[in-house]
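Trainee: For reference, the structure I am asking about is given below.
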Amino acid sequence: MMGVGVALLVLPTLYAALMLWLRGGWDAALNEELGRRNEKLSDNNSSLIFSVLIAARNEAESLPQLLRDLAAQTLPAGRFEVLIADDHSTDATAALVAAASAATFPLRLVSLAAPETGKKAALQAALQAARAPWLVCTDADCRLGPGWLAAYAALIAQRQDANFISGPVLLTGPDTVFNNLMGLEFAGLVGVGAACLARRQPTMCNGANLAYRRATFEAVGGFADNAHLASGDDEFLLHKIHAAFPGTAHFLADAAAIARTAAPATLRALLRQRVRWASKWRHYQSPASRRLALLVLGANVALAAGVGAGLAWPALWPWVLAAWAIKLGADAWFLSPVLRFLGRRRWLWGLLPLQVLYAPYALAVGLAGWRGSYQWKGRAVK
């Protein structure tokens, strides 16, 4: 039995070592941000620096709030423009943007041609009309603080080598158990993405809050080699830029840069979103992403398998409990500063229930994502 018990500890122990490595990366990202704040940066340039690209499909309800957030940016209006690409909306999205064209910042509506659909096509259309050297992407249903663009500008002023910047994203919604567990899982993804960027082994980012240099986007071929995939406008680009220009992708560890987006309202909506994300995993070319995904899945499945082994052979329970303690302790060690940064440290209570649910959830989502078909924005995607 001892051999079986030791085997039950292998993956959780490897996972704990990974969390220690990631915690070091997260701390490095925060320390880099603190160092930047302590430097006196002089930027008297008044020229256009950002084109904010927003792909929108049936977002007439959300866009007014986002436009108000953009109007409240502390970065002067002359430093950025906003382009909203309408992906064949059937609501009043286009009319709303047209009516808001007299905003305090340059705002333009870009309409997709009939054969083109999807987020990548929308972003590509907006990019072709953009005039700034840096492209900043967010989603139509996000909420942004007034210092959002200024935080990006500060990092670019300090890191002249930057080609790609990933910003933090926070899930919001009612204070329910379901929403808190979703927020906790999502915060873990944000933290892992940030830590891997700081370790110069980028794995993930989120298209709701990122920026990249236009010339770099064109240098790596943009979305050309994955345009046939509905998802992955963010991570595939991150991986390609890192491969072509190592060490030039950064995480923006500034709370002023947090983009807030509503959590999926139902379990069905959550599963559709996660299946959409998982559908791109099998197309990853990044070894770091593949290794990370396999180890995380393996550690979670190992805990579930351990419970089954303990029920069959009660002598294994001390080993099973030790494996759970190692895994949960490592999660708490890593997530505590991430949640503090996001202002949600109270979500730590959800580690145990999330762990209980995670193995079947991850397996189901992974298998559905491998199949590659799902529903999104009223469309069937294959």
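Under UniProt numbering, the first residue of the sequence shown carries the number 1, and numbering increases by one thereafter.
Heads up, the beta-carbon is just placed ideally off N, CA and C, and yes, glycines get one too.
Because the structure is a prediction, the values reported are computed rather than measured.
#1: May I have the straight-line CA-CA distance separating Val4 from Leu316, to the nearest angstrom?
#2: Going by DSSP, what residue range makes up the alpha helix (DSSP H) through Ala157?
#3: From which residue to which residue does the beta strand (DSSP E) around Leu107 run?
#4: If you run the structure through DSSP and keep just helix, strand and coil, what is residue 441?
#5: Can you say whether Ser289 is buried or exposed, counting buried as having 16 or more other CB atoms within 10 angstroms of its CB?
#6: Check for me: the alpha helix (DSSP H) holding Glu185 runs from which residue to which?
#7: For Ile241, name the three-state secondary structure that DSSP assigns.
#8: Classify Asn206 as helix, strand or coil using the three-state DSSP reduction.
#9: Give the single residue among Pro287, Leu348, His239 and His250 whose Cα lies nearest to the Cα of Asp161.
#10: Could you check whether Phe236 and Gln124 sit closer than 8 Å to each other, using their CB atoms as the reference points?
#11: Looking at the secondary structure, which residues open and close the beta strand (DSSP E) in which Glu81 lies?
#12: Kindly indicate which three-state DSSP category Pro12 falls into: helix, strand or coil?
#13: Where Leu357 and Ala215 are concerned, what is the direct C-alpha to C-alpha distance, given to the nearest angstrom?
#14: Ala263 and Met204: beta carbons closer than 8 Å?
#15: Could you check the C-alpha separation between Ala312 and Gln355 for me, to the nearest Å?
#16: Taking all protein chains shown into account, do 16 or more other C-beta atoms lie within 10 angstroms of the C-beta of Trp26, making it buried, or fewer, making it exposed?
#17: Is the stretch 326–345 close to the stretch 11–25, with three or more CB pairs under 8 Å?
#18: Just the C-alpha distance for Gly191 and Val338, rounded to the nearest angstrom, thanks.
#19: Given a cut-off of 8 Å, decide if Pro287 and His242 are closer than it, judged by their beta-carbon atoms.
#20: Would you please state the rounded distance, in angstroms, between the beta carbons of Leu303 and Ala359? I believe it to be under 8 Å.
#21: For the candidate residues Met2, Pro12, Val6 and Leu8, whose alpha-carbon lies nearest to that of Ile326?
#22: Buried or exposed: Val6, going by 16 or more other Cβ atoms within 10 Å of its Cβ?
#23: Can you list, in chain order, the residues of its chain with a C-beta nearer than 6 Å to that of Lys40? Leave out the 5 residues immediately preceding and following it.
#24: Rounded to whole angstroms, what is the Cα-Cα separation between Asn206 and Leu155?
#25: Report all residues from its chain with a CB closer than 6 Å to the CB of Trp319; omit the five preceding and five following residues, and keep chain order.
#26: Identify, in the order they occur along the chain, each residue of the same chain with its Cβ nearer than 8 Å to the Cβ of Ala98, setting aside the five sequence neighbours on each side.
#27: Span of the beta strand (DSSP E) holding Trp134?
#28: Alpha carbon to alpha carbon, how far is Leu363 from Met1? Give it in angstroms, no decimals.
#29: Evaluate contact between the stretch 104–121 and the stretch 77–86, counting only Cβ atoms and requiring at least three cross-stretch pairs below 8 Å.
#30: Distance, Cα to Cα, Trp349 vs Leu184?
#31: I'd like to know whether the C-beta atoms of Phe186 and Leu210 end up nearer to each other than 8 Å.
#32: How would you label Val136, buried or exposed, when you count the other beta carbons within 10 angstroms and need 16 or more for buried?
#33: If you reduce the DSSP assignment to three classes, tell me which class Thr74 lands in.
#34: Between Pro133, Arg200 and Ala259, which lies nearest to Leu238 when the distance is taken from Cα to Cα?
#35: Looking only at its own chain, which residues have a Cβ that is under 6 Å from the Cβ of Ala95, when we skip the five neighbours before and after it?
#36: Expressed to the nearest angstrom, what Euclidean distance is found between the alpha-carbon atoms of Thr117 and Ile54?
Mentor: Looking at the atomic coordinates:
#1: 8 Å
#2: Trp148 to Gln158
#3: Leu107 to Ser111
#4: Outside the displayed range of the chain (1 to 382) lies residue 441, so it cannot be described from this structure.
#5: Answer is buried; the Cβ neighbour count reaches 16.
#6: Val177 to Ala198
#7: helix
#8: coil
#9: With distances taken between Cα atoms, Asp161 lies closest to His250.
#10: Going by C-beta atoms, Gln124 is not nearer than 8 Å to Phe236.
#11: Phe80 to Asp86
#12: Pro12: helix per DSSP, three-state reduction.
#13: 43 Å
#14: no
#15: 21 Å
#16: buried
#17: yes
#18: 6 Å
#19: For the pair His242 and Pro287, the CB atoms are not nearer than the 8 Å cut-off.
#20: 7 Å
#21: Pro12
#22: exposed
#23: Unreliable positioning characterises Lys40 in this predicted model, as indicated by a pLDDT of 47, which lies under 50. The coordinate reading is nonetheless provided below. There are no such residues.
#24: Rounded to whole angstroms, the separation of the alpha carbons of Leu155 and Asn206 is 18 Å.
#25: Gly5 and Leu8
#26: Around Ala98: Leu109.
#27: Secondary structure note for Trp134: its beta strand (DSSP E) is the uninterrupted segment Trp134 to Asp139.
#28: 28 Å
#29: yes
#30: Computed Cα separation, rounded: 9 Å.
#31: No, these two residues do not count as a Cβ contact at 8 Å.
#32: Counting the other CB atoms within 10 Å of its CB gives Val136 a total of 16 or more, which places it among the buried residues.
#33: Three-state result, Thr74: coil.
#34: Arg200
#35: Exclusion of the five residues before and after Ala95 leaves no residue of its chain whose Cβ lies closer than 6 Å to its Cβ.
#36: 14 Å
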